[in-house]
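J.: Following my numbering, the numbering of the sequence shown begins with 977 at its first residue and continues without gaps. Ideal placement from N, C-alpha and C gives every residue a C-beta, glycine not left out. The structure is given below, and queries will be raised subsequently.
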Amino acid sequence: MPRPKIEPSTLGKKEKNEACSGKRCQKACKDLIPDVEIELEVENLPKGSRFKEYRDYFVQDIQIKKIVTRYRIKVYQLPDGTLKAAKLPENINGHFGNELKQYIICQNHVNNVSQVKIKQELNSRGIQISEGQINNIIINSSEILSKEYEDIANIGITTARELRVDDTGSRHKGQNGSSIVIQNDFFTYFNTSSSKSRIQFLKTLRVKGANYILNDVALNYIEEYKPTAIQMEKLLKLKNINFANKEAYDKALIEAEITPIIFGKKLLLHIEEAGILGSIIENGLSQNLVLLSDGASQYNLFSHASCWIHAERAVKKLVPIDEADTEEIKKVRNDIWCFYERLKDYKKNPNDASKIIIEKTFDEIFSQNATSIQLAVTLKKFRTKKSDLLRVLDYPFIDLHNNSSEQDIRPIVIKRNISGPTRSDKGRNARDIFITIVKTCKKNNISILEYLTDRINGKNKIPYLPDLIAQKAKAQLIAPT
């Protein structure tokens, strides 16, 4: 395998011309607007000296200090004896100001500082606040953004031509659970639930609502599990009926004699999955969606693409038993990465001739006779996933790996390591909301500080994030490929 090129680190190297002067300073600091200007005079000037020019030297600093405001609310007694008090300003909501709320949220969800550490810092600055009050600020602020959070997911998913997914373990109320990330270049959406099953993933794609529909897509999904003609006949009686929730769906299945005794528990599970899938399609999800994952079976839906990085790990993990095994594994890994480079070239210039050659090369690499039994088994797994691994041939715009979803899910892992598991549903939802917002703001070049200030103060001058996602998705679809 070719050795990867790693740029040398610049850490610790001193920058040249540390002193800021003349044109260099003006170019580096051209966007800075001074809040304070101080004019410096030269001391001990000789006679005959004359002023020539100003040289600007910018110093950036930050000031964090406690500000306590006392509102003296006037109260009047009316002629009828009742009391009438002056109203607080509209932007006042509670005993902590909006700037402090923004600071707490950024420390907690952008800088990953635990609530305990935030309390310690604020107390040291003279602010009287408890961990409970910090937690309430985070939860109450997240509720302001809950609709935007849902709309980010709904618009992002239904307008996407490609989605990347990943998951990680996440304990909640002392029970094991899973956090799923669904994302592409325009948005990121987090959702934490009790499991990583396919049913739960489909519910996450549905975002909101609880309806079930057996439309054509749902029935085709069921047919993949080879029901009998009699079973399909019973299912067709429920076609295109919109059931409001699972209770109504289950009742209709029983009335149609679609029971575990006749259908079996496994097929009934797929029928439940199909009902959710049908409702997702009715909600607007594209049937031509490409779903990129690490190869986990629960994500094998729609036009599924597998990550090459994860696939290659199966070969990398093999333990050779002799020198011959070592060389054979080394050769296969080299073949894989050379093939990977060809796929990258194909993405830049897709054409039918290259597609035929690449498919033939795939067969040659993964059909070779391996003397190592463990390598032969691994190569066979590659052959069974051929269509998923070569999905890029039909959709050149998709990635060959799911590194971006792994990077997006990292904040959940960091949060888990720093703050531990969530202990309330509101706390879990607040975490999912803020990580979704922070990641989506970054992808749309919006300052999270400015965004939080805008939303917490109720100004709403920064564009609604779902609208930006919809605009970019529309532009992507009409752009030339």
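Using the Cβ count rule (16 or more neighbours within 10 Å means buried), how would you classify K1437?
T.: Against the sequence shown, residue 1437 aligns to sequence position 461. K1437 is exposed by the Cβ-count criterion.
J.: Do you know offhand how far I1422's Cα is from D1430's?
T.: Working through the sequence shown from its first residue, we reach residue 1422 at position 446. Working through the sequence shown from its first residue, we reach residue 1430 at position 454. The alpha-carbon atoms of I1422 and D1430 are separated by roughly 11 angstroms.
J.: On the three-state DSSP scale, how would you describe F1166?
T.: By one-based count along the sequence shown, residue 1166 stands at place 190. Strand at F1166.
J.: What is the rounded straight-line gap between the Cα of L1365 and the Cα of G1070?
T.: For the purposes of this step, residue 1365 is identified with residue 389 of the sequence shown, where counting begins at 1. For the purposes of this step, residue 1070 is identified with residue 94 of the sequence shown, where counting begins at 1. Cα-Cα distance, rounded: 54 angstroms.
J.: Could you name the residues that DSSP lists as bridge partners for N1074?
T.: Residue numbering aside, residue 1074 sits at position 98 when the sequence shown is read from its first letter. Note: N1074 sits in no beta bridge, so no partner.
J.: If you run the structure through DSSP and keep just helix, strand and coil, what is E1138?
T.: Numbered from its first residue, the sequence shown carries residue 1138 at position 162. The answer is strand: DSSP assigns E1138 an E or B state.
J.: Could you tell me the boundaries of the beta strand (DSSP E) in which A1061 lies?
T.: In the sequence shown, counting from the first residue as 1, residue 1061 sits at position 85. Note, A1061: beta strand (DSSP E), 1059-1061.
J.: Would you call the stretch 1057-1065 and the stretch 1074-1093 touching, i.e. three or more CB-CB distances under 8 angstroms?
T.: These segments do not touch.
J.: Assuming contact is defined by CB atoms lying nearer than 8 angstroms, are F1278 and F1315 in contact in what I supplied?
T.: By 1-based counting over the sequence shown, the position of residue 1278 is 302. By 1-based counting over the sequence shown, the position of residue 1315 is 339. No, they are not a contact pair.
J.: Rounded to the nearest angstrom, what separates C1283 and K1149 at their Cα positions?
T.: Along the sequence shown, one-based indexing puts residue 1283 at 307. Along the sequence shown, one-based indexing puts residue 1149 at 173. Distance between the alpha carbons of C1283 and K1149 is about 33 angstroms.
J.: Check whether the Cβ atoms of I918 and K1095 lie closer than 8 angstroms to each other.
T.: Given that the chain is displayed from residue 977 to residue 1457, the structure contains no residue 918 and the question cannot be resolved.
J.: Given that a residue counts as buried once 16 or more other Cβ atoms are within 10 Å of its Cβ, and exposed if not, what is Y1275?
T.: By one-based count along the sequence shown, residue 1275 stands at place 299. That one is buried.
J.: What separation, rounded to the nearest whole angstrom, lies between the Cα atoms of E1119 and K1077?
T.: One-based indexing of the sequence shown puts residue 1119 at position 143. One-based indexing of the sequence shown puts residue 1077 at position 101. Cα to Cα, E1119 sits roughly 13 angstroms from K1077.
J.: First and last residue of the beta strand (DSSP E) that includes L1441?
T.: Taking the first residue of the sequence shown as 1, we reach residue 1441 at position 465. Unbroken run through L1441 is the alpha helix (DSSP H), 1441-1454; no beta strand (DSSP E).
J.: One question on the structure: do L1376 and K1331 come within less than 8 angstroms of each other, judged by their Cβ atoms?
T.: Residue mapping note: residue 1376 aligns to position 400 of the sequence shown, counting from 1. Residue mapping note: residue 1331 aligns to position 355 of the sequence shown, counting from 1. The answer is no: Cβ separation not under 8 angstroms.
J.: Between the stretch 1238-1249 and the stretch 1319-1334, are three or more C-beta pairs nearer than 8 angstroms?
T.: No, because fewer than three Cβ pairs between the stretch 1238-1249 and the stretch 1319-1334 fall closer than 8 angstroms, the two stretches do not touch.
J.: Kindly identify the DSSP beta-bridge partner or partners of S1155.
T.: Mapped onto the sequence shown, residue 1155 falls at position 179. DSSP output for S1155 lists T1144, T1168 as bridge partner(s).
J.: How many Å lie between S1090 and E1097 at the Cα?
T.: Within the sequence shown, numbered from 1, the residue matching residue 1090 stands at position 114. Within the sequence shown, numbered from 1, the residue matching residue 1097 stands at position 121. So the alpha carbons of these two residues sit roughly 11 angstroms apart.
J.: Does the stretch 1261-1276 come close enough to the stretch 1127-1141 to have 3 or more Cβ pairs within less than 8 angstroms?
T.: The answer is yes - the stretch 1127-1141 touches the stretch 1261-1276, with three or more Cβ pairs under 8 angstroms.
J.: Provide the residue(s) that pair with A1281 in DSSP beta bridges, ordered along the chain.
T.: Residue 1281 sits at position 305 when you count from the first residue of the sequence shown. Its beta-bridge partners are L1268.
J.: Find out if the Cβ-Cβ distance for the pair T1144, I1411 is shorter than 8 angstroms.
T.: Position 168 of the sequence shown, counting from 1, holds the residue named residue 1144. Position 435 of the sequence shown, counting from 1, holds the residue named residue 1411. No; because the gap between Cβ atoms is not below 8 angstroms, this pair is not in contact.
J.: Are there 16 or more other CB atoms within 10 angstroms of the CB of N1087, so buried, or fewer, so exposed?
T.: Here residue 1087 refers to the residue found at position 111 of the sequence shown. So N1087 ends up on the exposed side.
J.: Please confirm whether S1348 and E1299 have their CB atoms less than 8 angstroms apart.
T.: Here residue 1348 is taken as the residue at index 372 of the sequence shown, counted from 1. Here residue 1299 is taken as the residue at index 323 of the sequence shown, counted from 1. Not a contact, by the Cβ cut-off of 8 angstroms.
J.: Between the stretch 1216-1229 and the stretch 1174-1191, can you find at least three pairs of beta-carbon atoms closer than 8 angstroms?
T.: Touching, yes.
J.: CB-CB under 7 angstroms to I1394, same chain, minus the five flanking residues each way: which ones, in chain order?
T.: For this step, residue 1394 is matched to residue 418 along the sequence shown. Excluding residues within five positions, the ones whose Cβ falls inside 7 angstroms are N1088, S1090.
J.: Rounded to the nearest angstrom, what separates S1343 and T1235 at their Cα positions?
T.: For this step, residue 1343 is matched to residue 367 along the sequence shown. For this step, residue 1235 is matched to residue 259 along the sequence shown. One C-alpha to the other measures close to 44 angstroms.
J.: Alpha carbon to alpha carbon, how far is F1358 from V1141?
T.: Counting from 1 along the sequence shown, the entry for residue 1358 is found at position 382. Counting from 1 along the sequence shown, the entry for residue 1141 is found at position 165. Cα to Cα, F1358 sits roughly 21 angstroms from V1141.
J.: Could you pull out every residue in the same chain whose Cβ sits closer than 6 angstroms to the Cβ of V1157, ignoring the five residues on either side in sequence?
T.: Here residue 1157 corresponds to residue number 181 of the sequence shown, with the count starting at 1. If we look at V1157 and ignore the five residues flanking it on each side, its Cβ neighbours are D1142, F1166, S1381, D1384, I1385.
J.: Do the CB positions of K1419 and D1161 come within less than 8 angstroms of each other?
T.: Sequence index remark: in the sequence shown, residue 1419 carries index 443 (1-based). Sequence index remark: in the sequence shown, residue 1161 carries index 185 (1-based). Their beta carbons are under 8 angstroms apart, which means K1419 touches D1161 by this criterion.
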